[in-house]
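J.: Got a structure for you, questions after.
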Amino acid sequence: MTWRLYRLTELHQRIDSALRDERRRPFPDSLQLMRLKRLKLSIKDRLERLMRRR
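Put into structure tokens, the structure is as follows:
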């Protein structure tokens, strides 16, 4: 696993954790949830592109 792939995977997991934490709040911030979801999807797309190139 390359360092870039590792770092993106790690970032994806941290974003997923932040999403879970935000959802657990009594009044989740819908704007923050939307931002985190978009960021997570962006990271996922980058991971998939890297995996295809291998």
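Read the sequence shown against this note's numbering and you will find it ends at 55, with the numbers running on by one and no gaps.
Glycine residues also receive a C-beta, built at the ideal position from the N, C-alpha and C atoms.
All of these numbers come straight from a predicted model, not from anything done at the bench.
(1) Following the continuous alpha helix (DSSP H) through residue 35, name the residue where it begins and the one where it ends.
(2) Should the segment 24–34 be called in touch with the segment 8–15, which here means at least 3 C-beta pairs below 8 Å?
(3) For residue 37, which residues of its own chain have a beta-carbon under 7 Å away from its beta-carbon, when the five flanking residues on both sides are left out?
(4) Tell me whether residue 3 sits in a helix, a strand or coil according to DSSP, three-state version.
(5) Have a look at residue 5 and residue 40 and give me their C-alpha separation to the nearest angstrom.
T.: Taking the definition as stated:
(1) Here the alpha helix (DSSP H) through residue 35 covers 31–54.
(2) No contact exists between the segment 24–34 and the segment 8–15.
(3) Excluding residues within five positions, the ones whose Cβ falls inside 7 Å are 16, 19, 20 and 23.
(4) Reduced to three states, the DSSP call for residue 3 is coil.
(5) In a straight line, the C-alpha of residue 5 is about 17 Å away from that of residue 40.
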